[in-house]
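K.L.:
Using full-length UniProt numbering, the letters of the sequence shown correspond one by one to residues 1 to 466. Glycine included, each C-beta is placed from N, C-alpha and C at the ideal position. First the structure, which I've put down as structure tokens, then a few questions once you've had a look.
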Amino acid sequence: MSCEGDRQQLQLLFSLGANSYGQLGLGSKNDELQPQQVPRFPDGKHAISRLAGGGGHSAAITDTGALYVCGQNRDGQLGLSHTDDVSHFSLCSSLQSERVSTVSCGWDFTIILTDSGRVLSCGSNAFGQLGIPHVKSSSVPEPVQSLQEKVLDISAGLRHSLALTDSGGVFQWGVGLASHAKRFSCGNPVPPFLTAKEPSRIPGLENVKGRKVIAGSYHSVTVTEDGDLYVWGSNKHGQLLQKETFVLWPQRIEPHFFSGERIRSAWSGWTHLVAQTDSGKVYTWGRADYGQLGRDGEKEQPQDSGAEHFPKPLLCIPRLTGADQITCGSQHNLAVCGTAVYSWGWNEHGMCGDGTETNVEIPTQISIPAPHPATVKLIACGAGHSMILCVNPDGKDFDFPSERLQVTLCGDNTVCGAETCILRLSLPFLLDHEGFSRGDMQPVETHQSIMMPSPSLLIKASSTHW
1 MSCEGDRQQL
11 QLLFSLGANS
21 YGQLGLGSKN
31 DELQPQQVPR
41 FPDGKHAISR
51 LAGGGGHSAA
61 ITDTGALYVC
71 GQNRDGQLGL
81 SHTDDVSHFS
91 LCSSLQSERV
101 STVSCGWDFT
111 IILTDSGRVL
121 SCGSNAFGQL
131 GIPHVKSSSV
141 PEPVQSLQEK
151 VLDISAGLRH
161 SLALTDSGGV
171 FQWGVGLASH
181 AKRFSCGNPV
191 PPFLTAKEPS
201 RIPGLENVKG
211 RKVIAGSYHS
221 VTVTEDGDLY
231 VWGSNKHGQL
241 LQKETFVLWP
251 QRIEPHFFSG
261 ERIRSAWSGW
271 THLVAQTDSG
281 KVYTWGRADY
291 GQLGRDGEKE
301 QPQDSGAEHF
311 PKPLLCIPRL
321 TGADQITCGS
331 QHNLAVCGTA
341 VYSWGWNEHG
351 MCGDGTETNV
361 EIPTQISIPA
371 PHPATVKLIA
381 CGAGHSMILC
391 VNPDGKDFDF
401 PSERLQVTLC
411 GDNTVCGAET
421 CILRLSLPFL
431 LDHEGFSRGD
441 MQPVETHQSI
451 MMPSPSLLIK
461 ASSTHW
């Protein structure tokens with residue numbers, strides 16, 4: 001049980017938050033309130049180019065176009081040809097003949113886009129969210145055959161999916177929005193695309209060219225080449241900036257909400273939205289009761305379910321101006337500003353990374369245990385978890401000199417190493433740290449010396465039944 005010599009790694013992936021299904025890729029199923037380094041992934045041979053999180057699962061794409069997944073798999077959403085949960089990032093081998101460019105994780109399904117513009121999906125199809133007729137679920141990625149055009153972007157919501165084609169057309173499938181539409185349509189016919197179980201082109205966008213699609217829980221958004229936002233679906237929390245409680249057809253958000261500026265990009269949680277303008281200003285709106293808007297003390301005003309919304313002027317968040325990256329979970333957010341990562345919003349599972357389970361009202365910097373001079377390359381959120389990918393800005397591998405660490409079992413059954421006391425345990429126990437595979441763990445005798453990276457990288461100690 002030793003790691004001889006120095007260990008080098010090109011990238012470091014950290015994960016935190018909800019982990020009931022192993023979606024953090026740590027080999028455990030314990031929530032983590034602060035960033036923890038994912039062991040042995042990436043492996044040093046390939047770099048991660050994209051990250052995505054879903055209801056209880058995670059996905060990563062490497063620079064070679066390979067897809068790795070972990071977490072909840074009850075409906076086959078990992079695409080691994082089985083339905084067992086997986087707590088380590090595992091290669092989706094059925095896609096080895098494809099080069100994956102984009103992945104989007106819904107609540108219990110996954111949408112995959114290849115370099116050739118083909119869309120595949122796996123997981124639950126209870127609401128038609130896979131876009132594949134006549135199947136309840138699929139444990140391997142299946143092509144969405146009826147989507148004939150080349151696709152440039154995809155997005156998976158709670159129970160529906162979106163695709164943007166190279167002609168600028170936007171397609172939607174999955175009936176997740178249908179019940180809300182029927183409830184608030186006031187007797188008006190429900191548009192066919194809201195009840196489609198296969199890709200259906202959305203009317204009303206013929207004269208605009210889409211650049212990005214975004215799926216929320218029960219709403220949809222597209223960002224156009226002209227810097228406009230078009231929205232449709234549930235407006236229960238005012239997230240669409242329209243008067244209606246449910247918006248049946250795509251509507252443009254008036255530019256005056258953003259001081260007349262063009263929208264560079266936008267992101268969506270389940271019931272709130274975030275947008276960045278060309279000048280770098282960041283605006284948030286929608287549901288606010290978990291702090292997801294990043295404005296201290298602001299709470300959503302209760303709305304009568306049948307009442308019209310009267311959108312108020314939006315406020316930008318100065319701390320996030322010029323943010324390099326932003327992403328949303330269900331009710332929490334991450335942003336990269338320079339060398340810092342900020343989080344805010346719902347924090348019940350610790351996904352905001354401040355070491356507590358208390359909601360975070362304003363953007364607050366996360367402390368990442370990465371060696372200097374690491375910088376953040378990618379961020380991603382699942383419904384209740386977060387991922388942060390760090391790289392060396394010099395383009396070199398991280399270098400971790402090994403050092404000998406004495407591991408002892410104290411009288412109070414606390415495992416101690418250097419200055420770190422980890423957990424109360426019962427003998428025999430397994431020691432798990434960066435550089436050891438959780439699948440290969442062996443019982444460690446008390447007072448045994450082992451070779452391992454710096455004690456700061458010690459991840460967990462655990463009883464054998466973990």
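Taking a contact to mean a Cβ-Cβ separation below 8 Å, would you say T110 touches G123 in this structure?
P.N.:
Counting from one through the sequence shown, the residue named residue 110 turns up at place 110. Counting from one through the sequence shown, the residue named residue 123 turns up at place 123. Against a cut-off of 8 Å, the Cβ pair of G123 and T110 comes out as a contact.
K.L.:
What does a CB cutoff of less than 6 Å around L33 pick up in its chain, not counting 5 residues either side in sequence?
P.N.:
Position 33 of the sequence shown holds residue 33. So the qualifying residues of the chain are G350 and G355.
K.L.:
Could you spell out where the beta strand (DSSP E) holding K377 opens and where it closes?
P.N.:
Counting from one through the sequence shown, the residue named residue 377 turns up at place 377. From DSSP, the beta strand (DSSP E) with K377 extends over T375 to C381.
K.L.:
For G174, which residues from the same chain have a beta carbon less than 6 Å from its beta carbon, with the 5 sequence-adjacent residues on both sides left out?
P.N.:
As a working note, residue 174 is residue 174 in the sequence shown. Cβ neighbours of G174 beyond the five flanking positions: F127, G128, Q129, R159, H160 and S161.
K.L.:
Using DSSP's beta-bridge definition, name the partner residues of W232.
P.N.:
Working through the sequence shown from its first residue, we reach residue 232 at position 232. S220.
K.L.:
Check whether the region 208-217 touches the region 181-191, taking contact to mean three or more Cβ pairs, one atom from each stretch, closer than 8 Å.
P.N.:
no
K.L.:
With a threshold of 6 Å on Cβ separation, who are the neighbours of G56 within its own chain once the five nearest residues in sequence on each side are excluded?
P.N.:
Taking the sequence shown and counting its residues from 1, the one referred to as residue 56 is at position 56. Within the same chain, G56 has close Cβ partners Y21, Q23, G71 and Q72.
K.L.:
Check for me: the beta strand (DSSP E) holding residue 473 runs from which residue to which?
P.N.:
Outside the shown range of the chain (1 to 466) lies residue 473, about which nothing can therefore be said.
K.L.:
Within the same chain, show all residues whose beta-carbon is closer than 6 Å to that of S437, passing over the 5 residues directly before and after it, in chain order.
P.N.:
The sequence position of residue 437 within the sequence shown is 437, counting from 1. Low local confidence applies: a pLDDT of 35 at S437 is under 50, so the model's placement there is unreliable, and no value is given.
K.L.:
For the beta strand (DSSP E) that R264 lies in, which residues bound it at each end?
P.N.:
The residue you call residue 264 lines up with position 264 of the sequence shown. Start and end: I263 to S268.
K.L.:
For L314, which option in E357, G269, H256 and T364 has the closest C-alpha, if you only look at C-alpha atoms?
P.N.:
Within the sequence shown, residue 314 is the residue found at index 314, counting from 1. Ranked by Cα distance from L314, the options E357, G269, H256 and T364 are led by H256.
K.L.:
Going by alpha carbons, who is nearest to N333 out of L12, V221, Q11 and L16?
P.N.:
Here residue 333 refers to the residue found at position 333 when the sequence shown is read from its first residue. Minimum Cα distance to N333 is reached at L16.
K.L.:
Hey, how far is the Cα of S265 from the Cα of T339?
P.N.:
Here residue 265 refers to the residue found at position 265 of the sequence shown. Here residue 339 refers to the residue found at position 339 of the sequence shown. Rounded to the nearest angstrom, the two C-alpha atoms are 20 Å apart.
K.L.:
Helix, strand or coil for C410, going by three-state DSSP, please let me know.
P.N.:
Start at 1 with the first residue of the sequence shown, and residue 410 comes out as number 410. Only weak support is given to the placement of C410: the predicted model assigns it a pLDDT of 45, under 50, and the value that follows is read from those uncertain coordinates. Coil at C410, not helix or strand.
K.L.:
With distances taken from CA atoms, which of S217, R295 and P35 is nearest G269?
P.N.:
Taking the first residue of the sequence shown as 1, we reach residue 269 at position 269. Closest in C-alpha terms to G269, from the list S217, R295 and P35, comes S217.
K.L.:
Take the Cβ of T103 as the centre, count every other Cβ of all protein chains shown within 10 Å, and call the residue buried at 16 or more, exposed below.
P.N.:
Taking the sequence shown and counting its residues from 1, the one referred to as residue 103 is at position 103. Note on residue identity: the sequence assigns Val, not Thr, to residue 103. Counting Cβ neighbours within 10 Å, V103 comes out buried, since at least 16 surround it.
K.L.:
Any idea if T327 is buried or exposed, counting beta-carbon neighbours within 10 angstroms, 16 or more meaning buried?
P.N.:
Reading the sequence shown from its first residue, position 327 is the one you call residue 327. So T327 counts as buried.
K.L.:
Taking buried to mean at least 16 other C-beta atoms within 10 Å of its own C-beta, is residue 467 buried or exposed?
P.N.:
As shown, the chain starts at 1 and ends at 466. That puts residue 467 outside it, with no answer to give.
K.L.:
Could you check which residue in V213, S179 and S146 has the C-alpha nearest to that of K170?
P.N.:
Position 170 of the sequence shown, counted from the start, is the residue given in the question as residue 170. The question names Lys, but residue 170 is Val in the sequence shown. Per the Cα distances, V213.
K.L.:
Please classify H372: is it buried, with 16 or more other beta-carbons within 10 angstroms of its beta-carbon, or exposed?
P.N.:
Within the sequence shown, residue 372 is the residue found at index 372, counting from 1. Flag for H372 reads exposed.
K.L.:
Are the beta-carbon atoms of L113 and L378 separated by less than 8 Å?
P.N.:
In the sequence shown, counting from the first residue as 1, residue 113 sits at position 113. In the sequence shown, counting from the first residue as 1, residue 378 sits at position 378. No.
K.L.:
Helix, strand or coil for S94? Go by DSSP, reduced to three states.
P.N.:
Along the sequence shown, one-based indexing puts residue 94 at 94. The answer is helix: DSSP assigns S94 an H, G or I state.
K.L.:
I need the straight-line Cα distance from L120 to D75, nearest angstrom please.
P.N.:
Walking along the sequence shown from the start, residue 120 turns up at place 120. Walking along the sequence shown from the start, residue 75 turns up at place 75. So the two alpha carbons sit approximately 15 Å from each other.
K.L.:
Do you know whose CA, among A163, K236 and G65, lies nearest S146's CA?
P.N.:
Locating residue 146 in the sequence shown gives position 146, where the first residue counts as 1. The shortest Cα separation from S146 among A163, K236 and G65 belongs to A163.
K.L.:
Should E142 be labelled buried (16 or more other beta-carbon atoms within 10 Å of its own) or exposed?
P.N.:
As a working note, residue 142 is residue 142 in the sequence shown. Answer is buried; the Cβ neighbour count reaches 16.
K.L.:
Which residues does DSSP list as the beta-bridge partners of A196?
P.N.:
If you number the sequence shown from 1, residue 196 lands on position 196. A196 pairs with nothing; no bridge assigned.
K.L.:
Please tell me whether E254 has its Cβ less than 8 Å away from any Cβ of chain D.
P.N.:
Looking for chain D here will not work: only one protein chain is present.
K.L.:
Spatial neighbours of D115 within its chain, please: CB distance less than 7 Å, with the 5 preceding and 5 following residues excluded, ordered by chain position.
P.N.:
Counting from one through the sequence shown, the residue named residue 115 turns up at place 115. If the five residues before and after D115 are omitted, its C-beta is found closer than 7 Å to the C-beta atoms of G65, R99 and S101, all from its own chain and listed in chain order.
K.L.:
Checking the sheet assignment: what are the DSSP bridge partners for M387?
P.N.:
Within the sequence shown, the letter at position 387 stands for residue 387. Beta-bridge pairing links M387 to S15 and A380.
K.L.:
State yes or no: is the C-beta of Q36 within less than 8 Å of the C-beta of L389?
P.N.:
Here residue 36 corresponds to residue number 36 of the sequence shown, with the count starting at 1. Here residue 389 corresponds to residue number 389 of the sequence shown, with the count starting at 1. Not in contact: Q36 and L389 (Cβ atoms no closer than 8 Å).
K.L.:
In the DSSP assignment, find the unbroken beta strand (DSSP E) run with I48 in it and report its ends.
P.N.:
Start at 1 with the first residue of the sequence shown, and residue 48 comes out as number 48. Segment I48 to G53, the beta strand (DSSP E) holding I48.
K.L.:
Return the residue from the list P318, D31, V140 and G345 that minimises the CA-CA distance to G329.
P.N.:
By one-based count along the sequence shown, residue 329 stands at place 329. For G329, the closest alpha carbon among the candidates P318, D31, V140 and G345 is that of G345.
K.L.:
If you draw a straight line from the C-alpha of C381 to the C-alpha of A275, how long is it?
P.N.:
Stepping through the sequence shown from its first residue, residue 381 is reached at position 381. Stepping through the sequence shown from its first residue, residue 275 is reached at position 275. Their Cα atoms are separated by approximately 16 Å.
K.L.:
If you run the structure through DSSP and keep just helix, strand and coil, what is F258?
P.N.:
Against the sequence shown, residue 258 aligns to sequence position 258. Reduced to three states, the DSSP call for F258 is helix.
K.L.:
Rounded to whole angstroms, what is the Cα-Cα separation between S367 and V341?
P.N.:
Position 367 of the sequence shown, counting from 1, holds the residue named residue 367. Position 341 of the sequence shown, counting from 1, holds the residue named residue 341. Going from the Cα of S367 to the Cα of V341 covers about 8 Å.
K.L.:
If you run the structure through DSSP and keep just helix, strand and coil, what is L158?
P.N.:
Translated into the one-based positions of the sequence shown, residue 158 becomes position 158. Three-state DSSP puts L158 in coil, outside helix and strand.
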